[in-house]
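Structure, as structure tokens:
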Amino acid sequence: MNRENLLLAFLVVLFPVHVWAIVNIFFKVPGWIVQMSMWDVAGTAAYPLAFALLESVIVFIPVVILGLILPASLRGDKFLPLITALVLLVSIWVGILHFSLGALQAWGTVELLLGLGAFLLSLVVVFVLVARSEKLSSAITAFAKRLAVLSALYLLIDIFGLIVIVVRNF
Amino acid sequence: MSDLTGTGITRRDVLKLLSVLPLLTVDLPTLQAGRLPAAQDENLPNFLILVFDALSAFHLPFYGYARQTAPNLTRFAEKATVFHQHHAGGNFTTPGTSSLLTGALPWSTRAFHLQGTVIEPYVKRNIFSELGKKGYYRTAYSHNNLVTSLFFQFHQDIDEFIPTRELCLLDDEFADQLFPNDYTPAFLGEWLTFRGGETRPSSLFLSFVHRLYRSLHKRMKTRDYRDQFPRGIPELHNLSFVLEDATDWIINQVQKMPRPFLAYYHLLPPHEPYLTRKDFVDIFHDGWKPVEKPEHPFTEGHTNQFLLRNRREYDEYIAYADAEFGRLYDALEKNGSLENTYLIVTSDHGEMFERGVRGHVTPVLYEPVIRVPLLIKKPGQQAREDVHIPTSCVDVLPTLLHLAGLEIPDWAEGQVLPTFGAGEPDSERSIFALEAKKNQKHAPLTKRTVMMVKDRYKIMHFTGYEKYNDVFEMYDLQDDPEELNNIFNSHPALASEMKSEMFERLVQADNNFLGA
Chain A
1 MNRENLLLAF
11 LVVLFPVHVW
21 AIVNIFFKVP
31 GWIVQMSMWD
41 VAGTAAYPLA
51 FALLESVIVF
61 IPVVILGLIL
71 PASLRGDKFL
81 PLITALVLLV
91 SIWVGILHFS
101 LGALQAWGTV
111 ELLLGLGAFL
121 LSLVVVFVLV
131 ARSEKLSSAI
141 TAFAKRLAVL
151 SALYLLIDIF
161 GLIVIVVRNF
Chain B
1 MSDLTGTGIT
11 RRDVLKLLSV
21 LPLLTVDLPT
31 LQAGRLPAAQ
41 DENLPNFLIL
51 VFDALSAFHL
61 PFYGYARQTA
71 PNLTRFAEKA
81 TVFHQHHAGG
91 NFTTPGTSSL
101 LTGALPWSTR
111 AFHLQGTVIE
121 PYVKRNIFSE
131 LGKKGYYRTA
141 YSHNNLVTSL
151 FFQFHQDIDE
161 FIPTRELCLL
171 DDEFADQLFP
181 NDYTPAFLGE
191 WLTFRGGETR
201 PSSLFLSFVH
211 RLYRSLHKRM
221 KTRDYRDQFP
231 RGIPELHNLS
241 FVLEDATDWI
251 INQVQKMPRP
261 FLAYYHLLPP
271 HEPYLTRKDF
281 VDIFHDGWKP
291 VEKPEHPFTE
301 GHTNQFLLRN
311 RREYDEYIAY
321 ADAEFGRLYD
331 ALEKNGSLEN
341 TYLIVTSDHG
351 EMFERGVRGH
361 VTPVLYEPVI
371 RVPLLIKKPG
381 QQAREDVHIP
391 TSCVDVLPTL
401 LHLAGLEIPD
411 WAEGQVLPTF
421 GAGEPDSERS
431 IFALEAKKNQ
441 KHAPLTKRTV
451 MMVKDRYKIM
461 HFTGYEKYND
471 VFEMYDLQDD
481 PEELNNIFNS
491 HPALASEMKS
501 EMFERLVQAD
511 NNFLGA
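Line order of the protein sequences matches chains A and B.
Counting along the first sequence from 1, when you hit position 4 you're at 4 in my numbering, and nothing is skipped either side.
Counting along the second sequence from 1, when you hit position 26 you're at 26 in my numbering, and nothing is skipped either side.
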């Protein structure tokens, strides 16, 4: 796990957090445009964006911890593909959770345990597949590097959002 | 010490970093509005304004309601001036409250959106800024976040601005603490991040953590009150409260405030959800039914049975608010706080349970949703006065300024209320209310409902709605107070006259935003 991999891992974490945030912000923008000036729209969008950056940092902490506790054999070239696969998989599960909260509240213990089991099983399967398959891990690494370019753009937007917040508050 | 990551970070570095985590528990400073010079002329009258959110005049016994929802307000009315045809500026909090505070209608202030704010000129055109000219000590509190957005706009002219959470059991909002200089965008951003509303929260992971925290926090903070409130602890969105806390605080606050003062307190009950106290649960299980009304094209599809149940729960919630008002009024009378004080009781908008509509988030402007109580007790007043001519919430500002010996500014759209001014009241004047949530703030209104009341007649115009476009409704409020018989077509001359006047005022208002 070197500095470059850590940076790439951070950008991978940043990606799903921002895609989710930006999609939901865009749902609100038409309503905001009606009732606000463009400067206020930019300000209002800046807060959830800034929070998405903070959220990325917070989610990145367990990723670093995972990096610290993984066996040495998985900390090298395997670190980035493993983190990428797990972060994206967890994000998909959490996204599904957002869409099915209503149904979930009606679930009993058995259904909940089955759901949790499916979640954990998918993590284990992906972990094992990536850990064992060189081909898969190099494909995911290449994917992560492409993803990082887009995430860097999100990071730029975040910085712009932070500047907007600072200007509006001081 | 081993290098953990290959980046030069050691285990000791991590431990050092962990040691600063407790700093996260340190409270951030709460908003402190700029303090103005202390009040000067103690002979000037004080003004205490109590706003009960969503209190419809149609549900109060002293306006003719069948249920005894408000024995204490009725008792208060016996020693106050009671306005029988008082109208809000709109059908929800933002237009209703902004009109009350600025003395200007929503088509001028442009505060007609949810979490809306007034346009720039009105930031310095309001009841707080005007009474400040006479050295009034001005204080404001609201349970309702929509009002808080307005307070943040006016805060330079409020000497003591009490954050909502001060009188709540819990309020998990943080935008006001972190970003007081940019409250409304920060509040909306926070809301989207953790709650979403009609969209999903924009926080993918932490919104679940926040949700769990909110749930546990609420359970912990409201534990001691569950027996008292079997239907649930009074709440709205992110806050839970009991009105008793606000009552106690107001009694104490009014007593110690510098004189003269303007105190504006905006309390949530009986705003939905209707969660009354134990002593009022089921007190109106009386089988009484209001006049049945046909479904409106803007029906929300509620059955009569549903509406009757909600009406009963609303009435029972009013009884709770009334009981607390009674306690407040008695305490203020007893401790002498009402000497030289005008006590004003009103609401920002009403509530309706008819035509398939429940509540107030609706394009319609029928009387139950816009006719609100207005009771003003003058210092020392012992006899009831009744005013039957139509009045508007925009009249409150000019009335208070008149009583404080201030000139009424030309931007104020109301007039001094009858019995409070020197001249004869104008019974022919027109009263307006507006619903325009879907319009651009700085452009002419294209999708809106506007209503005008003049003398005994009322006209409503709906435009821009897909299934109810360019439709007029007109009622004779004297002969048909339930607004059942649309006389727009049967009284063409009167309809034309009222329509012209209403449109003339609309065009005047829209002209300011042409080409914006």
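All C-beta atoms, glycine included, are put in the ideal place defined by N, C-alpha and C.
Owing to the predicted nature of the structure, the values given are computational and were not obtained by experimental measurement.
Just checking: is the beta-carbon of Arg200(B) within a distance shorter than 8 Å of some beta-carbon in chain A?
For this step, residue 200(B) is matched to residue 200 along the second sequence. Yes, its Cβ sits closer than 8 Å to a Cβ of chain A.
So Tyr320(B) is in the alpha helix (DSSP H); what residue range does that whole segment cover?
Locating residue 320(B) in the second sequence gives position 320, where the first residue counts as 1. Element bounds for Tyr320(B): 304-334.
What are the start and end residues of the alpha helix (DSSP H) that includes Val63(A)?
Here residue 63(A) corresponds to residue number 63 of the first sequence, with the count starting at 1. From DSSP, the alpha helix (DSSP H) with Val63(A) extends over 38-69.
Between Thr193(B) and chain A, is the shortest Cβ-Cβ distance under 8 Å, so that the two count as touching?
Looking up residue 193(B) in the second sequence gives position 193. So yes, Thr193(B) belongs to the interface.
Contacting positions in the segment 83-105 of chain A - beta carbon closer than 8 Å to chain B
Ser91, Val94, Gly95, Leu97, His98, Phe99
Quick check on the DSSP output: the beta strand (DSSP E) that includes Ala263(B) runs from which residue to which?
Here residue 263(B) corresponds to residue number 263 of the second sequence, with the count starting at 1. Counting along the chain, the beta strand (DSSP E) containing Ala263(B) begins and ends at 261-267.
With DSSP as the reference, label Lys133(B) as helix, strand or coil.
Counting from one through the second sequence, the residue named residue 133(B) turns up at place 133. Three-state DSSP puts Lys133(B) in coil, outside helix and strand.
Based on the DSSP output, what are the partners of Arg358(B) in its beta bridges?
Translated into positions along the second sequence, residue 358(B) becomes position 358. DSSP lists Phe353(B) as partners of Arg358(B).
Assumed close pair Arg138(B), Leu131(B) - CB separation to whole angstroms, cut-off 8 Å:
Residue mapping note: residue 138(B) aligns to position 138 of the second sequence, counting from 1. Residue mapping note: residue 131(B) aligns to position 131 of the second sequence, counting from 1. That belief holds up - the Cβ atoms of Arg138(B) and Leu131(B) are roughly 6 Å apart, short of 8 Å.
Taking the alpha carbon of Glu244(B) as the point to measure from, which residue in Thr276(B), Leu48(B), Glu300(B), Leu236(B) has its own alpha carbon closest?
For the purposes of this step, residue 244(B) is identified with residue 244 of the second sequence, where counting begins at 1. Cα-wise, what sits closest to Glu244(B) is Thr276(B).
Mind reading off the beta-carbon distance from Leu308(B) to Met460(B)? Whole number of angstroms is fine, and I expect it under 8 Å.
As a first step, residue 308(B) must be located in the second sequence, where it is residue number 308. As a first step, residue 460(B) must be located in the second sequence, where it is residue number 460. Contact flag wrong, Cβ pair sits at about 25 Å.
Tell me whether the segment 44-57 of chain A and the segment 86-100 of chain A touch, counting them as touching only if at least three CB pairs, one residue from each stretch, are closer than 8 Å.
no
Please classify Phe92(B) as buried or exposed, where buried requires at least 16 other C-beta atoms within 10 Å of its C-beta.
Within the second sequence, residue 92(B) is the residue found at index 92, counting from 1. With 16 or more Cβ atoms within 10 Å of its Cβ, Phe92(B) is classed as buried.
If you draw a straight line from the C-alpha of Ile127(B) to the C-alpha of Lys334(B), how long is it?
For this step, residue 127(B) is matched to residue 127 along the second sequence. For this step, residue 334(B) is matched to residue 334 along the second sequence. Those two C-alpha atoms are separated by around 28 Å.
How far does the alpha helix (DSSP H) with Met474(B) in it reach, from first residue to last?
The residue given as residue 474(B) occupies position 474 in the second sequence. Per DSSP, Met474(B) belongs to no alpha helix (DSSP H); it is in the beta strand (DSSP E), 471-476.
Work out the CA separation of Ser203(B) and Ile25(A) for me, nearest whole Å.
Here residue 25(A) refers to the residue found at position 25 when the first sequence is read from its first residue. Here residue 203(B) refers to the residue found at position 203 when the second sequence is read from its first residue. If I take the Cα positions, the gap works out to 10 Å.
Would you report the Cα separation of Leu7(A) and Leu136(A), rounded to the nearest angstrom?
Within the first sequence, the letter at position 7 stands for residue 7(A). Within the first sequence, the letter at position 136 stands for residue 136(A). Approximately 21 Å, taken between the alpha carbons.
So is Asn169(A) in contact with chain B if we call contact Cβ pairs under 8 Å?
In the first sequence, residue 169(A) corresponds to position 169, counting from 1. So, interface residue.
For Ala443(B), which option in Gly405(B), Lys79(B), Phe513(B), Pro95(B) has the closest C-alpha, if you only look at C-alpha atoms?
As a first step, residue 443(B) must be located in the second sequence, where it is residue number 443. With distances taken between Cα atoms, Ala443(B) lies closest to Phe513(B).
Please list the terminal residues of the continuous beta strand (DSSP E) segment that includes Glu385(B).
As a working mapping, residue 385(B) is identified with position 385 in the second sequence. Unbroken beta strand (DSSP E) run through Glu385(B): 385-387.
Local conformation of Tyr465(B) per DSSP, three classes
Counting from 1 along the second sequence, the entry for residue 465(B) is found at position 465. Reduced to three states, the DSSP call for Tyr465(B) is coil.
Among Phe472(B), Pro398(B), Leu55(B), whose alpha-carbon lies nearest the alpha-carbon of Ala495(B)?
Working through the second sequence from its first residue, we reach residue 495(B) at position 495. That would be Phe472(B), whose Cα lies nearest to the Cα of Ala495(B).
Under three-state DSSP, which class holds Thr164(B)?
Along the second sequence, read from residue 1 onward, the residue named residue 164(B) stands at position 164. Of the three classes helix, strand and coil, the one that applies to Thr164(B) here is helix, per DSSP.
Rounding to the nearest angstrom, what Cα-Cα distance links Asn181(B) and Ile58(A) in this structure?
Here the question's residue 181(B) lines up with position 181 in the second sequence. Here the question's residue 58(A) lines up with position 58 in the first sequence. Cα to Cα, Asn181(B) sits roughly 26 Å from Ile58(A).
Could you check the C-alpha separation between Met502(B) and Leu268(B) for me, to the nearest Å?
The residue labelled residue 502(B) in the question sits at position 502 within the second sequence. The residue labelled residue 268(B) in the question sits at position 268 within the second sequence. About 32 Å.
C-beta contact flag for Lys441(B) and Gly464(B) at 8 Å:
Taking the first residue of the second sequence as 1, we reach residue 441(B) at position 441. Taking the first residue of the second sequence as 1, we reach residue 464(B) at position 464. Against a cut-off of 8 Å, the Cβ pair of Gly464(B) and Lys441(B) comes out as no contact.
Quick check: is the beta carbon of Glu190(B) nearer than 8 Å to any beta carbon in chain A?
Counting from one through the second sequence, the residue named residue 190(B) turns up at place 190. Chain A contact via Cβ: present.
Excluding the 5 residues flanking Glu235(B) on each side, which residues of the same chain have their C-beta closer than 8 Å to its C-beta?
Residue mapping note: residue 235(B) aligns to position 235 of the second sequence, counting from 1. Hits under 8 Å: Phe241, Pro273, Leu275.
Within the same chain, show all residues whose beta-carbon is closer than 7 Å to that of Ala80(B), passing over the 5 residues directly before and after it, in chain order.
The sequence position of residue 80(B) within the second sequence is 80, counting from 1. Only Leu375, Ile376, Lys377, Gln381, Arg384 meet the Cβ criterion.
Roughly how many angstroms lie between the CA atoms of Asn2(A) and Val64(A), to the nearest whole one?
Working through the first sequence from its first residue, we reach residue 2(A) at position 2. Working through the first sequence from its first residue, we reach residue 64(A) at position 64. Taking the straight line joining both Cα atoms gives about 11 Å.
Spell out the partners DSSP gives Tyr457(B) in its beta bridges.
Numbered from 1 along the second sequence, position 457 holds the residue referred to as residue 457(B). Paired residues: Lys454(B), Asp476(B).
Check whether the segment 187-201 of chain B touches the segment 14-33 of chain A, counting contact only when three or more Cβ pairs, one atom from each stretch, lie closer than 8 Å.
yes
Could you check the C-alpha separation between Tyr468(B) and Ile165(A) for me, to the nearest Å?
The residue you call residue 468(B) lines up with position 468 of the second sequence. The residue you call residue 165(A) lines up with position 165 of the first sequence. The straight-line gap from Cα to Cα measures roughly 42 Å.
Measuring CA to CA, which of Gln228(B), Tyr141(B), Leu262(B), Ser108(B) is closest to Ala436(B)?
The sequence position of residue 436(B) within the second sequence is 436, counting from 1. When only C-alpha atoms are compared, the closest one is Ser108(B).
Environment of Thr303(B) [buried if 16+ CB atoms lie within 10 Å]:
One-based indexing of the second sequence puts residue 303(B) at position 303. Thr303(B) should be labelled exposed.
Express the C-alpha separation of Tyr47(A) and Leu11(A) in angstroms, rounding to a whole number.
Residue mapping note: residue 11(A) aligns to position 11 of the first sequence, counting from 1. Residue mapping note: residue 47(A) aligns to position 47 of the first sequence, counting from 1. Near 20 Å, if we compare the C-alpha coordinates of Tyr47(A) and Leu11(A).
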